[in-house]
Amino acid sequence: MLLSCNTTVDRSFREQAQHGTTTFPCACYYDDLSKGDVPWHWHDELEAAIVTEGTIHVVIGGEQFDLNTGDGFFVNASALHSCQGLTAQSCSLHSLVFHPRLIGGSAENSFNQNYVLPVIQNKGFGGLCLDKGIPWQKDVLDVLEKAWQTCAQEPTQYDIKVRYTLTTAIALIAEHMISIQSDISPKHLRDGERIKAMLQYIMDNYGEAIDTAAIARSASISESECLRCFRATIGTTPIRYLREYRIEQAANRLAVSQASIADIAADCGFQDISYFTKTFREMKGVTPKAYQKEH
45 MLLSCNTTVD
55 RSFREQAQHG
65 TTTFPCACYY
75 DDLSKGDVPW
85 HWHDELEAAI
95 VTEGTIHVVI
105 GGEQFDLNTG
115 DGFFVNASAL
125 HSCQGLTAQS
135 CSLHSLVFHP
145 RLIGGSAENS
155 FNQNYVLPVI
165 QNKGFGGLCL
175 DKGIPWQKDV
185 LDVLEKAWQT
195 CAQEPTQYDI
205 KVRYTLTTAI
215 ALIAEHMISI
225 QSDISPKHLR
235 DGERIKAMLQ
245 YIMDNYGEAI
255 DTAAIARSAS
265 ISESECLRCF
275 RATIGTTPIR
285 YLREYRIEQA
295 ANRLAVSQAS
305 IADIAADCGF
315 QDISYFTKTF
325 REMKGVTPKA
335 YQKEH
């Protein structure tokens with residue numbers, strides 16, 4: 045069954061949705077990135093996606109990729125990731141999110157021992173870009189596309205066919221793990237853990253008066269290292285990210301509450317109502333009052 049993506053996370057940025065069912069832990073999704081980005085999140089499942097239209101920017105751990113139509117990416121279990129569209133129109137991808145046990149089976153199973161565990165137990169491997177111009181990665185993309193179409197259409201014995209094709213994809217990735225690993229910088233892995241801690245701090249404290257120093261302390265690093273880490277992983281500054289996060293939270297509250305604009309602004313960390321209105325209009329294209337009325 046084909047689903048649209050609606051990513052919701054808890055305070056550790058862990059995705060809350062169940063993907064598939066207990067007996068068949070796999071689901072396929074379609075994301076229209078022209079309508080909104082896929083926010084930062086992580087999950088116990090593996091994820092594989094293919095860009096169907098436009099160009100997207102993907103961040104997995106501390107690594108960033110710009111992918112075009114026909115390219116894709118793979119995300120390992122527990123890796124923090126996000127993606128956004130880089131083209132204003134017709135920007136989309138489709139993805140498969142599946143639990144490792146779907147293809148690994150029991151702990152002692154040879155599939156699990158030889159193909160799944162080498163991937164998910166490799167803490168230095170957050171994921172990879174799948175470039176259609178690289179032969180073995182093109183093979184992975186072809187297999188993933190077949191798995192996605194089968195999962196979406198649900199023909200007879202689709203569960204067997206999806207499991208087989210995903211096993212083939214994981215086997216190809218496991219086979220090339222050494223060459224993949226050589227391209228991963230330890231700094232990227234460290235940045236990924238640091239950014240996860242700092243984003244969680246912002247999520248927990250965005251309504252308070254916090255600054256770069258406080259954000260840096262949440263990951264036990266200096267302010268300069270905090271700035272470098274944000275630029276390297278997210279492409280922005282911690283204060284700009286904080287401001288954008290506050291506006292998103294304010295928009296969510298405006299959509300479901302008739303509370304005053306001033307109260308919502310204050311709850312989301314804005315003490316100056318004029319600055320809040322100006323910033324909200326810049327990001328959302330309308331005033332907070334108009335947004336609340338519309339939604």
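Adding 44 to a residue's 1-based position in the sequence shown gives its number in this note's numbering.
Built from N, CA and C at the ideal position, the CB exists for glycine as well.
query, result
"Close-in-space but distant-in-sequence residues of the same chain around Leu233 (CB under 8 Å, 5 per side omitted)", "Gly105, Gly106, Lys167, Gly168 and Gly170"
"Own chain partners of Trp192 with C-beta closer than 6 Å, once the 5 adjacent residues on each side are dropped", "Cys72, His138 and Leu140"
"Of the residues Arg284, Thr66, Ile94 and Ala218, the one placed nearest Leu77, counting alpha carbons only", "Ile94"
"7 Å CB neighbourhood of Lys205 in its chain, flanking five on each side removed", "Thr194"
"Buried/exposed call for His248, threshold 16 Cβ in 10 Å", "Note that residue 248 is Asp in the sequence shown here, rather than His. Burial call: exposed."
"Cβ-Cβ distance between Leu172 and Phe118 below 8 Å", "yes"
"Cut-off 8 Å between Cβ atoms - residues of its own chain near Leu271, not counting five sequence neighbours on either side", "Thr256, Thr281 and Pro282"
"Residues near Ile217 by beta carbon distance below 8 Å, same chain, minus five either side", "Phe118, Val163, Leu172, Val184 and Ile224"
"Endpoints, the alpha helix (DSSP H) within which Pro144 is located", "Neither: Pro144 is in no alpha helix (DSSP H) and is coded neither H nor E."
"Coarse secondary structure for His232, derived from DSSP in three states", "helix"
"Coil, strand or helix - Ser226 by DSSP", "At Ser226, the pLDDT of 48 sits below 50, so the modelled position is not reliable; the number obtained from the coordinates is stated separately. If DSSP states are grouped into helix, strand and coil, Ser226 belongs with coil."
"Ser139, DSSP secondary structure in three states", "strand"
"First and last residue of the uninterrupted beta strand (DSSP E) at Asp81", "Run containing Asp81: none; DSSP gives neither H nor E here."
"Three-state secondary structure assigned by DSSP to Thr96", "strand"
"Backbone CA spacing between Val243 and Ile305 [nearest angstrom]", "In the sequence under discussion, the amino acid at residue 243 is Leu, which differs from the Val named in the question. Near 26 Å, if we compare the C-alpha coordinates of Ile305 and Leu243."
"Beta-carbon contacts of Phe68 that lie in its chain and below 7 Å, excluding the five residues immediately before and after", "Asp203"
"Lys240 versus Lys79, His87, Thr96 and Leu124, residue with shortest Cα-Cα distance", "Leu124"
"Beta carbon of Glu97 nearer than 8 Å to that of Ser136", "yes"
"Three or more C-beta pairs below 8 Å linking the region 259-276 and the region 82-90", "no"
"Tyr289 to Ala61 span [Cα, whole Å]", "21 Å"
"Exposure label - Gly116; buried when at least 16 CB within 10 Å", "buried"
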